[in-house]
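Right, one structure below, let's go through it.
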Amino acid sequence: MAVSLRIAPHAAIRNLSLLGVIIGFAVSVPAAQLKEARVTQVVKDVKLLSTGAAERPAAVRDEVRDGTAVRTGGDSRSELKFTDQTLARLGANTIFSFTEGNRNLNLQDGAMLLRVPKGAGGARINSSAVTAAITGTTVMVETHAVTKKNKNSYYKFIVLEGTARLYLPGRLGESTLVKAGQMIIMRADSKTIPSRSMSILGKSRRVPS
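Each residue of the sequence shown is one higher than the one before, counting from 0 in numbering that gives the first Met the number 0.
Rendered as structure tokens:
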């Protein structure tokens with residue numbers, strides 16, 4: 000016996016309307032914002048620098064918010080975990096902060112390993128040399144500003160998992176896609192991004208624009 004699959008016009012319209020609401024809601028849900036982080040590891044000299052306040056030693060479980068930078072000293076390191084499980088590990092001589100209300104991370108100087116869970120909304124890593132837009136990704140970033148004492152400062156970006164796109168601030172159209180296993184090394188004051196990446200295994204390859 001055949002089963003009728005006909006749906007009354009008004010019911011079909013109602014179902015489509017409901018589907019539209021569901022789809023619209025799914026599309027409009029923004030990525031979780033980075034509102035705060037907790038210090039989960041402190042090794043040796045780690046300081047919290049808050050706007051309008053004196054610097055103080057960091058301790059495990061300290062809360063870090065917008066307006067507070069984390070600075071590590073020589074032979075020191077720290078780790079921060081955000082509420083969405085984004086993880087930032089800071090190397091020695093590093094200054095790190097983030098902007099609340101979006102997913103912008105600021106690496107003023109030093110080295111960082113960053114892991115952003117898939118589906119968390121990615122992140123943008125800002126430095127004086129390069130801006131990196133990443134998705135569900137694990138990356139390593141090292142940046143050192145050009146100074147009178149150190150004119151050969153460099154920027155290093157390694158993708159361990161996922162993909163990232165590097166941009167030069169203020170230079171429209173200057174960007175490079177970097178995939179897992181690829182590494183970009185360039186002068187911190189470079190006006191272009193290298194067209195070839197270096198494989199973590201040591202082989203050079205052209206980077207797609």
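Here a beta-carbon is modelled for each residue, glycine too, at the ideal position from N, C-alpha and C. As the structure is a prediction and not an experimental result, all values here were calculated from the model.
Item to check | Separation of L167 from V177, as counted between CA atoms | outcome: As a position in the sequence shown, residue 177 is number 178, starting the count at 1. As a position in the sequence shown, residue 167 is number 168, starting the count at 1. When rounded, the distance between both Cα atoms is 14 Å.
Item to check | Secondary structure, beta strand (DSSP E): runs of 3+ residues fully inside the stretch 144-202 | outcome: 153-160, 162-166, 174-178, 181-186, 195-198
Next on the checklist: Along the chain, where does the beta strand (DSSP E) containing A58 start, and where does it finish?
Outcome noted: Counting from 1 along the sequence shown, the entry for residue 58 is found at position 59. Run containing A58: none; DSSP gives neither H nor E here.
Checklist entry - Do the stretch 117-124 and the stretch 177-193 meet, that is, are 3 or more Cβ pairs less than 8 Å apart? => result no
Checklist entry - Hey, R60 and V45: beta-carbon distance below 8 Å or not? => result On the sequence shown, position 61 is the one that residue 60 refers to. On the sequence shown, position 46 is the one that residue 45 refers to. Against a cut-off of 8 Å, the Cβ pair of V45 and R60 comes out as no contact.
Checklist entry - T191: buried (16+ other C-beta within 10 angstroms of its C-beta) or exposed? => result The sequence position of residue 191 within the sequence shown is 192, counting from 1. Exposed is the call here.
Next on the checklist: Going by C-alpha to C-alpha distance, which of R88, L104, E99 sits closest to I133?
Outcome noted: Position 134 of the sequence shown, counted from the start, is the residue given in the question as residue 133. That would be L104, whose Cα lies nearest to the Cα of I133.
Item to check | C-beta contact flag for A110 and K80 at 8 Å | outcome: Translated into the one-based positions of the sequence shown, residue 110 becomes position 111. Translated into the one-based positions of the sequence shown, residue 80 becomes position 81. Their beta carbons are not under 8 Å apart, which means A110 does not touch K80 by this criterion.
Next on the checklist: Spatial neighbours of L86 within its chain, please: C-beta separation below 6 Å, excluding the five flanking residues on both sides.
Outcome noted: Taking the sequence shown and counting its residues from 1, one reaches residue 86 at position 87. Within the same chain, L86 has close Cβ partners K80, R114.
Checklist entry - Using the rule of at least 16 other Cβ atoms within 10 Å of the residue's Cβ for burial, across every protein chain shown, is T67 buried or exposed? => result If you number the sequence shown from 1, residue 67 lands on position 68. Burial call: buried.
Checklist entry - Cβ of Y153 within 8 Å of Cβ of R186? => result On the sequence shown, residue 153 is found 154 positions in, with the first residue counted as 1. On the sequence shown, residue 186 is found 187 positions in, with the first residue counted as 1. Contact: yes.
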